[in-house]
Every structure is written in C-alpha cells, then in structure tokens.
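Numbering (the working numbering), first residue to last: 760 to 889.
Cβ atoms here follow ideal geometry from the backbone N, Cα and C, with glycine treated the same way.
Since this is a predicted model, take the numbers as computed values, not measurements.
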Amino acid sequence: YPLECCGIITDSSGRQTVHLCRNIQDSLHKDDPARYPRDARTAYMIDRSEFDRIVSTAIENGGKILAFYHSHPEHEAYFSEEDHAAQTVFGEPEFPDALHVVVSVMNRTVADMRCFKWDSAVKAFRPAEC
Numbered sequence: 760y761p762l763e764c765c766g767i768i769t770d771s772s773g774r775q776t777v778h779l780c781r782n783i784q785d786s787l788h789k790d791d792p793a794r795y796p797r798d799a800r801t802a803y804m805i806d807r808s809e810f811d812r813i814v815s816t817a818i819e820n821g822g823k824i825l826a827f828y829h830s831h832p833e834h835e836a837y838f839s840e841e842d843h844a845a846q847t848v849f850g851e852p853e854f855p856d857a858l859h860v861v862v863s864v865m866n867r868t869v870a871d872m873r874c875f876k877w878d879s880a881v882k883a884f885r886p887a888e889c
C-alpha cells in the first residue's frame with residue numbers, strides 16, 4: 760500500500776499456498792512510459808520468470824493454479840478492462856479455470872473482496888463465488 764499487490768495461489772496435494780509476487784509495474788513504467796502509462800498505484804505486472812517458476816513448481820508437484828490476486832488501493836473491487844486485457848493477451852486466459860481475486864483497500868483497510876472467473880461462452884470474466 761499504496762501500490763497494488765499481486766500474487767498467485769496454488770494447490771498441491773490439497774495444500775494451498777499463497778505466493779506474494781513482486782509488482783514490477785513501476786519498473787516497466789519508468790523504462791517505457793509510452794507502452795506502460797500506468798504505475799504500480801493503478802496497475803500490476805508479475806515478473807514472468809517469477810510467474811513461470813511458481814507455475815512450474817506447482818505443476819511438477821502435481822498441483823495447479825487456483826487463483827491470481829491483486830489489490831485496488833483506494834478503488835472498488837472490480838475486474839477492470841485493464842485486468843481483462845492483461846489476462847487475455849491471446850484472446851483467452853492462460854489459466855481459464857483459475858479464479859481472479861480483486862481486493863479493494865480503502866485507507867489501508869480491506870473494504871471488499873470479489874472473485875471473477877472466465878466464462879468461455881461469452882469470452883469474459885464474470886463474478887464468481889470466492
């Protein structure tokens with residue numbers, strides 16, 4: 760806080776693990792503000808090597824990706840157009856069965872949490888039970 764946090768939740772043999780990931784959005788914005796106009800106060804990006812390590816470790820251990828999460832500091836818990844675009848680079852999410860958890864943080868306090876899941880019939884993320 761006040762930057763967006765982000766991470767991945769995995770499941771291996773019934774053991775769920777929350778992986779807090781580093782938000783590299785500020786570095787991307789600093790290096791190329793035209794391509795990355797938003798900073799980490801309103802956007803997030805997980806480093807691809809960190810992402811790949813977490814995913815490959817989960818799969819190697821017979822596990823799977825349960826969810827991705829990120830916060831919206833001083834904003835509501837909704838799945839934004841930017842969230843949708845980031846998760847569907849090639850038109851579909853890489854992990855269509857994973858939940859996407861968005862946490863609203865207002866004045867340093869969790870105000871709301873909402874989950875979203877890919878609906879392949881309409882090619883969009885829809886509200887889901889957490």
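C-beta contact flag for residue i and residue j at 8 Å
{"i": "S871", "j": "S879", "result": "Per the sequence shown, the amino acid found at residue 871 is Asp instead of Ser. No, these two residues do not count as a Cβ contact at 8 Å."}
{"i": "G822", "j": "S772", "result": "yes"}
{"i": "H778", "j": "A826", "result": "no"}
{"i": "R797", "j": "P761", "result": "no"}
{"i": "I805", "j": "C764", "result": "no"}
{"i": "A836", "j": "R873", "result": "yes"}
Residue(s) in a DSSP beta bridge with residue i
{"i": "A793", "result": "DSSP output for A793 lists no bridge partner at all."}
{"i": "P886", "result": "F875"}
{"i": "S815", "result": "Answer by DSSP bridge pairing: none, since S815 is not bridged."}
{"i": "H858", "result": "The sequence shown places Leu at residue 858, rather than the His named in the question. BP columns for L858 point to A826."}
{"i": "D770", "result": "Q775, K823"}
Contacts around residue i, its chain only, beta-carbon distance under 7 Å, and the 5 residues preceding and following it disregarded
{"i": "I824", "result": "I767, T769, V814, A817, F854, A857"}
{"i": "P852", "result": "Q846, W877"}
Cβ shell of residue i (< 6 Å), same chain only, five flanking positions each side left out
{"i": "T776", "result": "T769"}
{"i": "T830", "result": "Residue identity differs from the one stated: residue 830 is Ser in this sequence, not Thr. Counting only Cβ-Cβ distances below 6 Å, and skipping sequence neighbours, we find E763, C764, V862, V864."}
Sequence-distant residues of its chain with Cβ nearer than 8 Å to residue i (five each side left out)
{"i": "D785", "result": "L762, D798, A799"}
{"i": "E888", "result": "C874"}
**Request:** State whether the stretch 838-851 contacts the stretch 810-819, with contact taken as three or more CB pairs (one from each stretch) at a distance under 8 Å.
**Result:** Segments in contact, no.
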